[in-house]
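Novice: Below you'll find the structure I mean.
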């Protein structure tokens, strides 16, 4: 009789293999899940960025910085919070670079990825709050997919349970990572009993956070990074109670797992930000070669800034020189008319009474000096053209 026979029949199974060989190349389930999560997050973020006016393809420029920075941050957090595995007695410092053996901290991933996204946003001329809000539902979706990698690895489970969804756990072979130990009959060996599938709890919770962010953002039109703060609050609430259920080794402070403290502190920071920061959602109008929208775009189309019929035109394929932050109403008007709204009036453009010069219509009637009147009219037209609006459309 083997340990496998001690487990009840009603149970969630676990894979006995998490690594497959493709010739000399190992294919790891955990890595595939991470990659799939990143792809989904990029797809969601691309759609949300384009709905806010960012030119197509910007998410790839952001991902080039955010993904490597997130992986580095995740590994640094893991090494810092579990130093004994690498620098303690019997530890191997070089193992700190063996990221393929597992060990990534989500807190470090979010922090590192945020730094990378901030760098990319500055290079693209996009306000970081717009990028953060666009990322908000994609990140928990990526985390949910990534948790499937823990299922393949037979890790991150909780204590023993008799619930119908109890999880079978294989005894993994330390000398053959990614494979379960097998008995004399060649059958994978199971740990006795069933365990809480905490990875699954977190996966489902993350999907709930995705729905929460999408619903609240649609109703309240969150801006200035508040959608991202909502994601952080939603995730940390779930991570708090799920972390208390886990039984894997972890450093503790005052008898409580370190990640429990981290979840509580990060939640408080996100809550303070969400409550204190106010302001409407920002929309962007590209400047330069990419500043012309599709002549008749659907109001909610994600393709509102690309004309597939004119891809061969180099000016359309060029990246924007920058972006102008506008309101939702101005953005909608720009999509309909193609007219860039004027810049806000400055003190130099205002009369003593405070009325902008550009909005003053020419006075009809005879003039004692026709030439200055013509010059003034031409000057106003030039200013209107420079601002991207025709004189007749200034009040539209």
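In the working numbering, the protein residues as written are 5 to 400.
Note that CB positions come from ideal geometry on N, CA and C, so glycine has one too.
The structure displayed is predicted, hence computed values, not measured ones.
(1) What residue from 285, 238, 46, 93 has the CA that sits closest to residue 223's CA?
(2) If you drop the 5 nearest sequence neighbours on each side, which residues of the same chain put their C-beta closer than 6 angstroms to that of residue 373?
(3) Just to confirm my understanding: we take residue 66, look at its own chain, exclude 5 residues before and 5 after, and list those with CB closer than 6 angstroms. What are they?
(4) Distance check for residue 157 and residue 307, CA to CA, integer angstroms please.
(5) Roughly how many whole angstroms lie between the Cα atoms of residue 262 and residue 253?
(6) On the DSSP letters alone, give me the boundaries of the beta strand (DSSP E) that residue 234 sits inside.
(7) Determine the DSSP secondary structure at residue 262, reduced to helix, strand or coil.
(8) For residue 330, list the residues DSSP reports as bridge partners.
(9) Just the Cα atoms here: how many angstroms apart are residue 16 and residue 150?
(10) Relative to the alpha-carbon of residue 60, which residue among 30, 71, 47, 70 has its alpha-carbon at the smallest distance?
(11) On the premise that residue 216 lies in contact with residue 238, defined as a C-beta separation below 8 angstroms, what is that separation, rounded to the nearest angstrom?
(12) Mind checking whether residue 250 and residue 162 have CB atoms under 8 angstroms apart?
(13) Would a C-beta distance cut-off of 8 angstroms place residue 57 and residue 287 closer than the cut-off?
(14) Keeping to the same chain, check which residues put their C-beta closer than 7 angstroms to that of residue 119; ignore five residues upstream and five downstream.
(15) Could you tell me the distance, in whole angstroms, from the CA atom of residue 164 to the CA atom of residue 128?
(16) Using 8 angstroms as the Cβ pair cut-off and three pairs as the minimum, do the stretch 218-233 and the stretch 128-146 touch?
(17) Taking 8 angstroms as the cut-off, decide whether the C-beta atoms of residue 18 and residue 172 are in contact.
(18) Alpha carbon to alpha carbon, how far is residue 189 from residue 68? Give it in angstroms, no decimals.
(19) Applying the criterion that 16 or more other CB atoms from any shown protein chain within 10 Å of the CB defines a buried residue, is residue 389 buried or exposed?
(20) Report the rounded CA-to-CA distance for residue 335 versus residue 281, giving the unit in angstroms.
(21) Once the 5 residues before and after residue 9 are set aside, which same chain residues still bring their CB inside 8 angstroms of it?
(22) Assign residue 21 to buried or exposed, taking buried as 16 or more other Cβ atoms, counted over all protein chains shown, within 10 Å of its Cβ.
(23) Provide the residue(s) that pair with residue 26 in DSSP beta bridges, ordered along the chain.
(24) Taking C-alpha atoms, which residue in 213, 169, 95 lies nearest to residue 200?
Specialist: Considering the structure as presented:
(1) The option with the nearest alpha carbon to residue 223 is 285.
(2) At residue 373 the pLDDT is 47, less than 50, meaning the model places this residue with poor confidence; the figure from the coordinates comes in the next sentence. The answer is none, since no qualifying residue turns up.
(3) Hits under 6 angstroms: 121, 124.
(4) Low local confidence applies: a pLDDT of 45 at residue 307 is under 50, so the model's placement there is unreliable, and no value is given.
(5) When rounded, the distance between both Cα atoms is 11 angstroms.
(6) Run containing residue 234: none in the beta strand (DSSP E); it sits in the alpha helix (DSSP H), 230-249.
(7) If DSSP states are grouped into helix, strand and coil, residue 262 belongs with the helices.
(8) Per DSSP, 287.
(9) Taking the straight line joining both Cα atoms gives about 18 angstroms.
(10) Checked all of 30, 71, 47, 70; the closest Cα to residue 60 is 47.
(11) Yes, residue 238 and residue 216 are in contact; Cβ-Cβ is about 5 angstroms, under 8 angstroms.
(12) Cβ distance < 8 angstroms, so residue 250 and residue 162 count as in contact.
(13) Yes, Cβ-Cβ distance for residue 57 and residue 287 is below 8 angstroms.
(14) Taking residue 119 as the centre and dropping the five residues before and after it, the same chain places the C-beta of 73 closer than 7 angstroms to its C-beta, in chain order.
(15) C-alpha separation (whole angstroms): 50 angstroms.
(16) Yes: the two stretches touch, three or more of their Cβ pairs being nearer than 8 angstroms.
(17) Taking 8 angstroms as the cut-off, the Cβ atoms of residue 18 and residue 172 count as close.
(18) Each residue's Cα considered, the two are about 48 angstroms apart.
(19) Low confidence applies to residue 389: its pLDDT is 46, below 50, so where it sits in the model is not reliable enough to give any reading.
(20) Taking the straight line from one Cα to the other gives about 23 angstroms.
(21) Confidence in residue 9 is poor, its pLDDT being 44 and thus under 50, which makes the residue's placement too unreliable to answer from.
(22) Residue 21 is exposed by the Cβ-count criterion.
(23) Bridge partners of residue 26: 29.
(24) The option with the nearest alpha carbon to residue 200 is 169.
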